[in-house]
Amino acid sequence: MYTRIILTLALAIPCLAIAGDDKSAEEIAKYREMVSDGNPAELDEMRGEELWKTAAGTKKASLEKCDLGKGAGVVKGVYAELPRYFADTKRVQDLESRLLTCMTTLQGIPEADITSKPFSTNNYKSDIEGLVAYVVGQSKGMKMAVSLKHPKEKEAYEIGKRIFFYRAGPYDFSCATCHSENGRRIRLQDLPNLTTNIGAQRAYTTWPAYRVSQGLFRSFQWRINDCFRQQRFPEPVFGSELTVALTLFLAANANDAVYDGPAIKR
Amino acid sequence: MGSPMKIRAAVKDGITEVKILMGHAMETGLRKDAAGALVPAWFITEVTAKHQGKVVLEAQFGTAVSKDPYLVFRFKGGAKGEKVSVSWLDNKGDTRSDEVEITEKV
Amino acid sequence: MVNLERRQALKTGGALGLWGVFASLGLMPSFAHAEWNKTLFSAKSMNEALDLIGAVLPETSGDIQLNVPEIAENGAVVPISVSSSLPNATQIMVFVDKNPNVLAANFNLPAGTETFVTTRVKMGQTATVIVLVKADGKLYRAAKEVKVTQGGCGG
C-alpha cells in the first residue's frame, strides 16, 4: 500500500520546480496573500446574484422563494449551516442539491438541463455554479454551524465518514490516503489533514474557490469530483446522497471556524 | 457585449482608490485547445477610467495580462457619491462600460 | 476628450517619448480604437521594445517600488504592484523579459493620478519583471525576478 503511494507521488515529482524549504514556503505564502486581493470569484458572485433574482424556467420564477434552510429567500448565512435536513424533501441536502430542488420545483427547469453541464469551462458558464458563488459569498465571515441533531444528519455524517476512509479503485486510494496525516504534500501543495478540526476548517472554509490554474470559479461538488477523479473513482452523480454525505462530514468537522469563501487558490 | 465589471471606488484622505475586476478570457493566441488547434488571441487592449467625466487612467494591455484582469489605481480628489466609470475595448471590438459611486473608506 | 489630452501629452512628452515614436511610426492615435500599439505590444525582446520606444535601458531607480512575489505558485497570475515618488510621472510600462511578447501593459497617468498601479500578469517561465516609469520626460527602471513554479500537472 505504502509503496504504491510513494510511487504515485514520485511520478508527480518532475512537476516540482522548487523544493518546499522554509524560505520558499514563506514566499508562496506572500504570493497567496497578494493574489487574495481582487478575487475574480466576485464576478461569479455578481453573475449568481443576477441569476438568483431573474425569472427563469417554464414557471418564469426567480429563486427568491427558494428556501436554503433559513426560510424562503434567505441567502445570508445559509452556507455556514449546510448541508442540513430539509423536511420538504425528507433528506439531507448540500447547497448544490438544494439549488437543484429549487430550480426544478420553483422554476420548472428540467433536472437534466442542470446536471448534464453543472461545471463551467473556458467557453461555458454554468448557472448553478454562479448561484453557488453568490450564496456562499453571503456567508463570508460567519461561523460554520452544521447541525448533527436530526437522525438523518447523524446518518449522513456516518456515511460521509465511511466514504472518506473507503479504499477502492485501481490504486486502492481513499480520501484518507492523502488527507489523514499532517504534513503530507503533493508538489508544493500542502494537503490538509481533514480528520482534524483545524485541517478540515482550513480546507472547508476556503472552498468554493477561484482556481488560478484553470481561471475558473469551482464549486464544492467540483472539488469532490476532482478528488474522486484523482482517486480513479467513477464520477459521482451530481447532488447525489454520496457527495452530500461526504460534504456534511467535512463541513461538520469544520464547525466553529469562520467561513472565508469564495477563496482564490493556485 | 462583455460581462459586467466589478468596480469599487473609495475615497480616504483626499485620495480615491479604484479597484476593477474585468471578466475576460484574455486569450494569448498561443494556447492550444484539447484538439490541438490554436485558440485565437482575444484580449482587452484598452481600459479607460473616468472620474466625473474626466480621464483618470488610460491603460493598454497586451496578451500577458491575466485572465479576468484586475487593476487598482489611485487619483487625487473624489468625493462620496461622485461617479467613477470604467470602459474597456478588446481586440475583437467588443466593449464594456460600468459605473460606480465613490464611497468613503473607513 | 481623450484625444486632445493625448496630443498635449505628445507636445510635452519629449521627442523620444513613447507617443513621439507612435507618431513617427504613423501610429499616432486619431481615435480611441487605434490607440493600442500593435508593433510595441508584439515586441519579442526588451531590446526590440526599447528600440521601438527610442530609448536605451534606463538606470535603475530607488524611487520606484516594485512589489512582486519572489515565487509565483502559478504563472497564470503574477501580482504586480508599482509605485513611485518620482515627480511628474506620466507613464508606467510593465514588461516580462522572457514572455513571447515582452510588453504586458502600459499605463498613462493624467495629472492628479497617483504613480501607483496594481495588476496581474501571466509569465510562461521564471523571468524578470521590468518596470519603466516616465517622469519629467525621462525613463527610470525597476526590475525583479519572479520564479514561476508550474502547477499545471494536476488538480
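Chains as they are written, first to last, in our numbering: chain A, 8 to 273; chain B, -3 to 102; chain C, -6 to 148. Where a beta carbon is used, it is the ideal one built from N, C-alpha and C, also for glycine.
Query raised in the report: My guess is that Phe109(C) and Ser78(C) are in contact by the Cβ rule of under 8 Å, so how many angstroms apart are they, rounded?
Result: Not really, about 10 Å apart at Cβ, beyond 8 Å.
Report task. Pull up the CB-CB distance for Ala175(A) and Asp51(A), whole angstroms please, since I reckon it's below 8 Å. Result -> The Cβ separation is near 33 Å, so there is no contact.
Query raised in the report: What are the complete beta strand (DSSP E) segments, minimum 3 residues, inside the segment 97 to 148 of chain C?
Result: With a minimum length of 3 residues, the continuous beta strand (DSSP E) runs that stay inside the segment 97 to 148 of chain C are 106 to 114, 120 to 128, 131 to 141.
**Report entry** Per-residue burial, Ser62(B) [other beta carbons within 10 Å of its own, 16 or more giving buried]
**Finding:** Per the 10 Å Cβ criterion, buried.
Query raised in the report: Can you list, in chain order, the residues of its chain whose CB lies under 6 Å from that of Gln84(C), leaving out five sequence neighbours each side?
Result: Asn101, Lys127
Requested in this report: Please work out which residues of its chain come closer than 7 Å, Cβ to Cβ, to Thr212(A), disregarding the five sequence neighbours upstream and downstream, and give them in chain order.
Outcome: Met151, Ala261, Ala264, Val265, Tyr266, Asp267, Gly268
Query raised in the report: If you draw a straight line from the C-alpha of Ile170(A) to the C-alpha of Lys28(B), how long is it?
Result: 37 Å
Query raised in the report: Taking the C-alpha atoms as reference points, what is the distance between Arg194(A) and Glu71(A)?
Result: 44 Å
**Report entry** Through-space distance from Ala259(A) to Asp95(A), alpha-carbon basis
**Finding:** 22 Å
Query raised in the report: Is any beta-carbon of chain C found at less than 7 Å from that of Lys56(B)?
Result: In the sequence under discussion, the amino acid at residue 56(B) is Gln, which differs from the Lys named in the question. For Gln56(B), the answer is yes, since a Cβ of chain C falls inside 7 Å of its Cβ.
Query - Ordered list of alpha helix (DSSP H) runs contained in the segment 219 to 250 of chain A, each at least 4 residues - result: Whole alpha helix (DSSP H) segments, 4+ residues: 227 to 237.
Report task. Give the interface partners of Leu53(B) over in chain A, defined as CB-CB distance under 9 Å, in chain order. Result -> For Leu53(B), no chain A residue has a Cβ inside 9 Å of its Cβ, as the nearest lies near 16 Å away.
Query - Own chain residues within Cβ distance below 8 Å of Asn129(A), not counting five before or after - result: Gly222, Leu223
Query raised in the report: Would Lys66(A) be called buried (16 or more neighbouring beta carbons within 10 Å of its own) or exposed?
Result: exposed
Query raised in the report: Taking all protein chains shown into account, do 16 or more other C-beta atoms lie within 10 angstroms of the C-beta of Leu201(A), making it buried, or fewer, making it exposed?
Result: The residue in question, Leu201(A), is buried, as its Cβ has 16 or more Cβ neighbours within 10 Å.
Query raised in the report: DSSP beta-bridge partners for Glu13(B)?
Result: Ala6(B), Arg70(B)
Query raised in the report: Apart from the five residues just before and just after Glu78(B), which ones in its own chain have a Cβ nearer than 8 Å to its Cβ?
Result: Apart from the 5 residues on each side of it in sequence, Glu78(B) sits with its Cβ closer than 8 Å to the Cβ of His47, Gln48, Glu97, Ile98 in its chain, given in chain order.
**Report entry** Range of the contiguous beta strand (DSSP E) that encloses Thr41(B)
**Finding:** In the DSSP assignment, Thr41(B) falls within the unbroken beta strand (DSSP E) covering 40 to 47.
Query raised in the report: Quick one: what's got a C-beta closer than 6 Å to Phe71(B)'s C-beta in the same chain, skipping five residues either side?
Result: Thr12, Val52
Query raised in the report: Hey, is the segment 115 to 134 of chain A in contact with the segment 155 to 165 of chain A, meaning 3+ C-beta pairs nearer than 8 Å?
Result: no
**Report entry** Closest Cα partner of Ile35(A) within the set Ala36(C), Glu66(C), Phe88(C)
**Finding:** Glu66(C)
Query raised in the report: What residue does the alpha helix (DSSP H) around Ile205(A) start on, and which one ends it?
Result: 204 to 211
Query raised in the report: Looking only at its own chain, which residues have a Cβ that is under 8 Å from the Cβ of Gln145(A), when we skip the five neighbours before and after it?
Result: Val82, Lys83, Gly84, Val85, Tyr86.
Requested in this report: With 9 Å as the limit, tell me which residues of the segment 16 to 38 of chain B have their beta carbon closer than that to any beta carbon of chain A; keep them in chain order.
Outcome: Cβ proximity to chain A below 9 Å picks out Ile16, Leu17, Met18, Gly19, Ala21, Met22, Glu23, Asp29, Val35 from the segment 16 to 38 of chain B.
Requested in this report: With a 10 Å radius around its C-beta and 16 neighbouring C-beta atoms as the bar for buried, classify Glu188(A) as buried or exposed.
Outcome: Glu188(A) comes out exposed.
Report task. Please look up how many angstroms separate the CB atoms of Val251(A) and Gln100(A), rounded, as I've assumed it's under 8 Å. Result -> 6 Å
Query raised in the report: Skipping 5 residues on each side, what residues in its chain have a beta carbon closer than 6 Å to that of Asn99(C)?
Result: Met86
Query raised in the report: Any Cβ of chain C within less than 7 Å of the Cβ of Val42(A)?
Result: yes
Query raised in the report: What does Arg70(B) touch in chain C if you count any residue whose Cβ is under 8 Å from its own?
Result: For a Cβ distance threshold of 8 Å, residue set Thr106, Glu107, Phe109 of chain C lies close to Arg70(B), ordered along the chain.
**Report entry** Residue from Glu40(A), Thr184(A), Leu255(A), Glu118(A) whose Cα sits closest to the Cα of Glu165(A)
**Finding:** Leu255(A)
Requested in this report: Indicate whether the contact test is met: 3 or more Cβ pairs, each with one atom in the segment 81 to 101 of chain B and one in the segment 128 to 139 of chain C, closer than 8 Å.
Outcome: no
Report task. Note down, in chain order, all residues in the segment 82 to 97 of chain B with a beta-carbon under 9 Å from any beta-carbon belonging to chain C. Result -> Those residues of the segment 82 to 97 of chain B that come within reach of chain C (Cβ to Cβ, closer than 9 Å) are Leu85, Asn87, Gly89.
Query raised in the report: Per DSSP, Trp214(A) forms a beta bridge with which residues?
Result: None; Trp214(A) has no bridge partner.
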